[in-house]
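In this note's numbering, the protein residues as written are 736 to 933.
Have a look at the structure below, then the notes.
And the structure:
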């Protein structure tokens with residue numbers, strides 16, 4: 736979804752519960768609950784975003800930051816994309832998932848991340864769905880490594896808005912702000928760090 740931020744952020748506040756994946760995580764290690772997609776074309780990526788978020792194709796394209804012209808260029812260039820998803824623990828009953836959409840450069844055994852184009856938090860888990868207010872910081876440290884921080888509060892009700900489309904090149908970073916509205920029931924605060932290797 737896309738919207739303005741009106742939620743809460745806990746950047747700079749004391750950390751009461753910390754989960755840190757300090758070492759680099761190989762994405763082929765399924766024990767870490769990490770999933771990487773097969774190579775996607777531009778249109779396949781747009782269709783997946785539309786399906787996962789229940790939005791029209793044109794809206795998904797716009798949220799990904801593509802105009803009609805840049806979409807044509809991506810198709811002509813046969814640009815390739817992938818998603819990487821990793822679940823993280825809020826508590827024993829609830830494990831949401833971070834999902835990153837990125838453009839890749841691939842040839843034979845060579846592969847690298849060119850840029851991250853979308854960041855999502857999948858908040859449904861085992862029949863539970865929570866709202867989130869806070870910040871997700873994402874740093875594309877190099878062409879094969881992502882570092883991210885989730886910092887904020889989960890709520891039992893309300894609605895969440897955020898700007899999912901990003902353009903994070905190698906060596907760059909961004910903070911995605913999640914806003915929560917119409918909530919009356921706090922669930923839990925969480926701070927999580929993770930570093931992933933492609």
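For glycine and all other residues, C-beta sits at the position ideal for the given N, C-alpha and C.
| Check | Outcome |
| --- | --- |
| Distance, residue 843 Cα to residue 903 Cα | 25 Å |
| Coil, strand or helix - residue 790 by DSSP | coil |
| Touching by the beta-carbon criterion (3+ pairs, under 8 Å), the stretch 804-820 and the stretch 767-781 | yes |
| Option nearest residue 830 by Cα separation, candidates 857, 851, 805 | 857 |
| Own chain residues within Cβ distance below 7 Å of residue 746, not counting five before or after | Low confidence applies here, because residue 746 scores a pLDDT of 35, under 50, leaving its location unreliable and the question unanswered by this model. |
| Proximal residues to residue 920 (C-beta, below 7 Å), its chain only, five neighbours per side dropped | 890, 891, 892 |
| Residue 810 burial status per 10 Å Cβ neighbour count (16 or more: buried) | exposed |
| Nearest residue (CA-CA) to residue 836, options 899, 929, 911, 786 | 899 |
| Whole-Å CB distance - residue 848 paired with residue 839, under 8 Å assumed | 6 Å |
| Run of the alpha helix (DSSP H) containing residue 804, from where it starts to where it stops | 803-811 |
| Expected contact under 8 Å - CB spacing of residue 879 and residue 845 to nearest Å | Residue 879 to residue 845, Cβ: 10 Å. No contact. |
| Reduced DSSP secondary structure (H/G/I, E/B, other) of residue 837 | strand |
| Distance, residue 864 Cα to residue 875 Cα | 28 Å |
| Segments assigned beta strand (DSSP E), at least 3 residues, entirely inside the stretch 870-925 | 880-890, 894-897, 900-904, 908-916 |
| Spatially closest choice to residue 895 from 781, 855, 868, 803, by CA coordinates | 868 |
| Cβ-based burial, residue 925 [other Cβ within 10 Å; buried from 16] | buried |
| Residue 695 to residue 786 span [Cα, whole Å] | Any property of residue 695 remains undetermined from this structure, which presents the chain solely from 736 to 933. |
| Rounded straight-line distance, which links the Cα of residue 783 to that of residue 805 | 18 Å |
| Three-state secondary structure (DSSP) of residue 858 | coil |
| Beta bridge counterpart(s) of residue 868 as assigned by DSSP | 888 |
| Per-residue burial, residue 917 [other beta carbons within 10 Å of its own, 16 or more giving buried] | exposed |
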